[in-house]
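In my numbering, the protein residues as written are 183 to 511.
See the structure below:
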């Protein structure tokens, strides 16, 4: 290979890539036209091939180093730049997208919440009037601990916080994913999970109330429950969305309805998972801590729930407002 001739033939491409990279480094990738972006990608691949050839034919240290710098800069702008855009998309979803989809689908979340609370109320009434019902819903070892020993069971978390926290996260995510996936049964399994969990919490609330342990029990529940329960309600709403697409496609074909409502359900899931992770951390480390006064736990729970409501009901960016106005769902 005639090295000088090869360099002379390839050098214009190197200079052109350097020019485009300088512009991107100063003004960002958005400053390029569509054709220039395609040219940038093509030149990057071409210069990468030139670097490999230069190393193979030992064209000289200076040329190799210069091509290495060019390809490194190109990689950073093309691939790292796209990663930055991905992170920006994640940030925009957290900032605007999740509140938007929560507001757009609030009716389904409200139905899931009503099923849960209705079942909890039924369980509370039955547990007060029929002692047998309690044993059907609440595990015997919990009844024995609360009724016979006058103790709550949360103390078992103390000392194994990391393990307990991770187990709690996994369990809550499993329940929430089950509620979402229950949509494929036309929402029947979602409704069952909402009702079952409502029955359980209603019966447990009665058990601790009957044994004068309601105050410390709810002090434990409030901090993490302020995020965990809304996340489960949102998961229930997501499952009902999928069920609606199956049962009542409306103006869509059934396949298209499942895609539309399934997309909204998926967006809800993207927001639910971080809520459950945070709730799991709180339940593992903060809620059971004997060092934190119960009053502080109540304040923390109320504060977190208030922040969540303000976040989910915030006035939307005009772009998302337009999407809502145009939505026919």
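Just so you know, even glycine gets a beta-carbon here, dropped at the ideal spot from N, CA and C.
As the structure is a prediction and not an experimental result, all values here were calculated from the model.
Indicate whether residue i and residue j have their beta-carbon atoms separated by less than 8 Å.
i: residue 424; j: residue 366; result: yes
i: residue 344; j: residue 402; result: no
i: residue 490; j: residue 354; result: no
i: residue 291; j: residue 419; result: yes
i: residue 252; j: residue 196; result: yes
i: residue 320; j: residue 385; result: yes
i: residue 330; j: residue 397; result: no
i: residue 376; j: residue 387; result: no
i: residue 351; j: residue 462; result: yes
i: residue 465; j: residue 347; result: yes
i: residue 368; j: residue 429; result: yes
Three-state secondary structure (DSSP) at residue i?
i: residue 313; result: helix
i: residue 392; result: helix
i: residue 225; result: helix
i: residue 235; result: helix
i: residue 230; result: helix
i: residue 472; result: coil
i: residue 281; result: helix
i: residue 539; result: The structure shown does not extend to residue 539, since the chain spans only 183 to 511, so no value can be given for it.
i: residue 287; result: coil
i: residue 215; result: coil
i: residue 344; result: helix
i: residue 405; result: helix
i: residue 368; result: coil
i: residue 242; result: coil
i: residue 195; result: helix
i: residue 210; result: coil
i: residue 496; result: coil
i: residue 272; result: helix
i: residue 362; result: helix
i: residue 349; result: helix
i: residue 539; result: The requested residue 539 is not part of the displayed model; the chain covers only 183 to 511.
i: residue 386; result: helix
i: residue 510; result: Here residue 510 scores only 40 on pLDDT, less than 50, and its place in the model should not be relied on; the value that follows carries that caveat. In this structure, residue 510 counts as coil in the three-state DSSP scheme.
i: residue 184; result: coil
Please list, in chain order, all residues of the same chain as residue i whose beta carbon is under 8 Å from its beta carbon, the five residues on each side excluded.
i: residue 213; result: 205 and 206
i: residue 374; result: 364
i: residue 328; result: 334, 335, 389, 390, 393 and 395
i: residue 484; result: 404 and 408
i: residue 218; result: 202
Give every residue of the same chain whose Cβ lies closer than 7 Å to the Cβ of residue i, excluding the five residues on either side of it in the sequence, and list them in chain order.
i: residue 198; result: 225
i: residue 237; result: 246
How about residue i: is its C-beta nearer than 8 Å to some C-beta of chain D?
i: residue 288; result: Looking for chain D here will not work: only one protein chain is present.
Within its chain, find whatever has a CB closer than 6 Å to the CB of residue i; leave out the 5 residues flanking it on each side and keep chain order.
i: residue 482; result: 405
i: residue 454; result: 358, 413, 416 and 417
i: residue 201; result: none
i: residue 295; result: 415
i: residue 277; result: none
i: residue 189; result: none
i: residue 248; result: none
Quick check: does the Cβ of residue i come within less than 7 Å of any heavy atom belonging to the ligand COA?
i: residue 185; result: The ligand COA is absent from the structure shown, which contains no ligand whatsoever.
Given 8 Å, three or more beta-carbon pairs between the region 376 to 386 and the region 284 to 303:
Because the criterion of three Cβ pairs below 8 Å is met, the region 376 to 386 and the region 284 to 303 touch.
Quick check: the region 225 to 237 against the region 254 to 261, are there 3 or more CB pairs under 8 Å?
Yes: the two stretches touch, three or more of their Cβ pairs being nearer than 8 Å.
Are the region 434 to 444 and the region 305 to 317 in contact at 8 Å, needing three or more beta carbon pairs?
Contact between the region 434 to 444 and the region 305 to 317 is absent: fewer than three C-beta pairs spanning the two stretches fall below 8 Å.
Could you tell me whether the region 449 to 466 touches the region 273 to 291, where touching means 3 or more Cβ pairs closer than 8 Å?
Segments in contact, yes.
Extract the residue ranges of the alpha helix (DSSP H) inside the region 394 to 461, only unbroken runs of 4 or more that lie entirely within it.
List check, alpha helix (DSSP H) in window: 396 to 429.
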